[in-house]
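Q: Residue numbers (this note's numbering), protein chains in the order written: chain A, 599 to 659; chain B, 599 to 659; chain C, 599 to 659; chain D, 599 to 659; chain E, 599 to 659; chain F, 599 to 659.
There's a structure below that I have some questions on.
Number of protein chains: 6
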Amino acid sequence: MPIVQIDLLEGRTTEQKRVLAEKVTQAIEESIGATPESISIIIRDMAKENYAKAGKLACDK
Amino acid sequence: MPIVQIDLLEGRTTEQKRVLAEKVTQAIEESIGATPESISIIIRDMAKENYAKAGKLACDK
Amino acid sequence: MPIVQIDLLEGRTTEQKRVLAEKVTQAIEESIGATPESISIIIRDMAKENYAKAGKLACDK
Amino acid sequence: MPIVQIDLLEGRTTEQKRVLAEKVTQAIEESIGATPESISIIIRDMAKENYAKAGKLACDK
Amino acid sequence: MPIVQIDLLEGRTTEQKRVLAEKVTQAIEESIGATPESISIIIRDMAKENYAKAGKLACDK
Amino acid sequence: MPIVQIDLLEGRTTEQKRVLAEKVTQAIEESIGATPESISIIIRDMAKENYAKAGKLACDK
Numbered sequence: 599m600p601i602v603q604i605d606l607l608e609g610r611t612t613e614q615k616r617v618l619a620e621k622v623t624q625a626i627e628e629s630i631g632a633t634p635e636s637i638s639i640i641i642r643d644m645a646k647e648n649y650a651k652a653g654k655l656a657c658d659k
Numbered sequence: 599m600p601i602v603q604i605d606l607l608e609g610r611t612t613e614q615k616r617v618l619a620e621k622v623t624q625a626i627e628e629s630i631g632a633t634p635e636s637i638s639i640i641i642r643d644m645a646k647e648n649y650a651k652a653g654k655l656a657c658d659k
Numbered sequence: 599m600p601i602v603q604i605d606l607l608e609g610r611t612t613e614q615k616r617v618l619a620e621k622v623t624q625a626i627e628e629s630i631g632a633t634p635e636s637i638s639i640i641i642r643d644m645a646k647e648n649y650a651k652a653g654k655l656a657c658d659k
Numbered sequence: 599m600p601i602v603q604i605d606l607l608e609g610r611t612t613e614q615k616r617v618l619a620e621k622v623t624q625a626i627e628e629s630i631g632a633t634p635e636s637i638s639i640i641i642r643d644m645a646k647e648n649y650a651k652a653g654k655l656a657c658d659k
Numbered sequence: 599m600p601i602v603q604i605d606l607l608e609g610r611t612t613e614q615k616r617v618l619a620e621k622v623t624q625a626i627e628e629s630i631g632a633t634p635e636s637i638s639i640i641i642r643d644m645a646k647e648n649y650a651k652a653g654k655l656a657c658d659k
Numbered sequence: 599m600p601i602v603q604i605d606l607l608e609g610r611t612t613e614q615k616r617v618l619a620e621k622v623t624q625a626i627e628e629s630i631g632a633t634p635e636s637i638s639i640i641i642r643d644m645a646k647e648n649y650a651k652a653g654k655l656a657c658d659k
């Protein structure tokens, strides 16, 4: 039943997301013993104007 | 004050979302006695490359 | 694959949550045609000091 | 370590988001004493068909 | 309609949260012109074993 | 800047969360090339009455 939400700056390829989904699923399986079938992952692409650190948008850095 | 977030695979029509919003609001009203005015719903459309189950992206199934 | 997150002020009984889960699942099934098995719901209980509207905590109203 | 997620109806300019990020970061810094560097903000733009209040989509109002 | 979710390490007082809610609401009002009544804030307290940076739990630092 | 939120059924030990944080951080690093320092993870423990699949609370299964 683990549900994972991952917010990333946009620009990742489908292949990168494919590997991300595989590896994160495996990481959860190995660490807490959840079955892969029970693990859902949502990836969210953030535009650079939609993420800020220390009060500054990523598009301004 | 209930705040609802619903992640769906992309491809739903506005009409489907309209019915979704109505019915989910009613479901919450009936089950916990919240007033409709107090219920907010956020719908998020997931691209098929942004959702994975069992380590596999939805676009690869 | 719909994933639902519902934030509620604390104080709901397990029976209310039971009905909530049933009815929201049914609402999604009927509106967008998802199978019940594909629908996950996370309920989050908010303490009254953890929710604010119009700049005022719920515990202060 | 504060992590902030802000869902807004779409249509805000980058300049509005820039000011939003600055001011929200400052508000958190002043109220709980977190350093700006530790504060992350995610902004999410909601299409009007993806937000509902009282069971009605924002695009129908 | 802005909906704000703020994850904080546990340990903040109700008074700190009160000020946080006031100031964040004002920051959003001033930056994007939303009315205070339309702004909802959810605060989530994270236990130190439930937050990690650089792969390390906050309780281990 | 990846921000990860993981919802789990309650009952995991701190040691399991420690390994989870390490392995998920490493999985993200390897798949998309983010630095560990840029990766934040929030773990949320769900009570069994706060998670439902197929309309049924986990505490009823």
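All C-beta atoms in this analysis are idealised placements derived from N, C-alpha and C, irrespective of residue type, glycine included.
Just so we're clear, the structure is a prediction, and the values are computed from it rather than from any experiment.
1. Quick one: grab the DSSP three-state call for D/Lys654.
2. Give a yes or no on whether 8 angstroms exceeds the smallest Cβ distance from A/Ile630 to chain B.
3. How should E/Gly653 be labelled, buried or exposed, when 16 other C-beta atoms within 10 angstroms of its C-beta is the threshold for buried?
4. Going along chain A in order, which residues have a C-beta closer than 8 angstroms to the C-beta of D/Glu635?
5. Quick one: what's got a C-beta closer than 7 angstroms to B/Met644's C-beta in the same chain, skipping five residues either side?
6. Going by C-alpha to C-alpha distance, which of A/Ser629, A/Ile639 and A/Leu655 sits closest to F/Gln614?
7. What residues of chain G sit near C/Ile640, judged by a beta carbon separation below 7 angstroms?
8. Start and end of the alpha helix (DSSP H) containing B/Ile626?
9. State the Cα-Cα distance for the pair F/Thr612 and E/Glu647, rounded to the nearest angstrom.
10. Would B/Asp658 and A/Arg642 qualify as a contact pair, given that the criterion is a beta-carbon distance under 8 angstroms?
11. Name the chain D residues that come within less than 8 angstroms of E/Ala625, Cβ to Cβ?
12. Starting from F/Ile637, follow its DSSP beta bridges and name the residues at the other end.
13. What does a CB cutoff of less than 8 angstroms around B/Ala650 pick up in its chain, not counting 5 residues either side in sequence?
14. Is the separation between the beta-carbon of B/Thr623 and that of B/Ile601 shorter than 8 angstroms?
15. Determine, using beta carbons only, whether C/Asp605 comes closer than 8 angstroms to chain B.
16. Assuming C/Ala619 and C/Ile626 form a contact by the criterion Cβ under 8 angstroms, report the distance between their Cβ atoms to the nearest whole angstrom.
17. If you measure from the beta carbon of A/Lys659 to each beta carbon in chain B, is any gap under 8 angstroms?
18. If I measure Cβ to Cβ from E/Ile637 and keep anything under 6 angstroms in the same chain, skipping five residues before and after, which residues do I get?
19. Answer yes or no: does any C-beta atom of chain B fall closer than 8 angstroms to that of A/Lys646?
20. Can you tell me which residues form a DSSP beta bridge with E/Met644?
21. Cα separation between E/Lys621 and A/Glu635?
22. Which residues in the same chain have their Cβ closer than 6 angstroms to the Cβ of A/Gln603, if we skip the five residues on either side of it in sequence?
A: Based on what the coordinates show:
1. In this structure, D/Lys654 counts as strand in the three-state DSSP scheme.
2. Using beta-carbon distances, A/Ile630 does not count as an interface residue toward chain B, since no partner is under 8 angstroms.
3. E/Gly653 should be labelled buried.
4. Ordered by position in chain A, the residues that pass the 8 angstroms Cβ test against D/Glu635 are Lys651 and Ala652.
5. Take B/Met644, set aside five residues on each side of it, and the residues of its chain with a beta-carbon closer than 7 angstroms to its own are Asp605, Leu606, Leu607 and Glu608, in chain order.
6. Comparing alpha-carbon positions, the option among A/Ser629, A/Ile639 and A/Leu655 lying closest to F/Gln614 turns out to be A/Ser629.
7. Judged by its chain identifiers, the structure shown contains no chain G, and its protein chains are A, B, C, D, E and F.
8. Where B/Ile626 is concerned, the enclosing alpha helix (DSSP H) starts and stops at Thr612 to Ile630.
9. Straight-line measurement puts the Cα of E/Glu647 at about 6 angstroms from the Cα of F/Thr612.
10. For B/Asp658 and A/Arg642, no; Cβs fall outside 8 angstroms.
11. Simply Leu618, Lys621, Val622, Gln624 and Ala625.
12. DSSP, once it has assigned bridges, lists no residue as partnering F/Ile637.
13. Result list for B/Ala650: Ala656, in chain order.
14. Taking 8 angstroms as the cut-off, the Cβ atoms of B/Thr623 and B/Ile601 do not count as close.
15. Flagged as an interface residue toward chain B: C/Asp605, by a C-beta distance shorter than 8 angstroms.
16. Contact between C/Ala619 and C/Ile626 is ruled out by a C-beta separation of about 11 angstroms, above the 8 angstroms threshold.
17. Chain B contact via Cβ: absent.
18. The answer, listed in chain order, is Pro600, Thr623 and Ile626.
19. It does not; no Cβ of chain B falls within 8 angstroms.
20. Answer by DSSP bridge pairing, in chain order: E/Leu607.
21. Between the alpha carbons of E/Lys621 and A/Glu635 lies a gap of roughly 43 angstroms.
22. Cβ neighbours of A/Gln603 within its own chain (closer than 6 angstroms, five residues either side excluded): Ile640.
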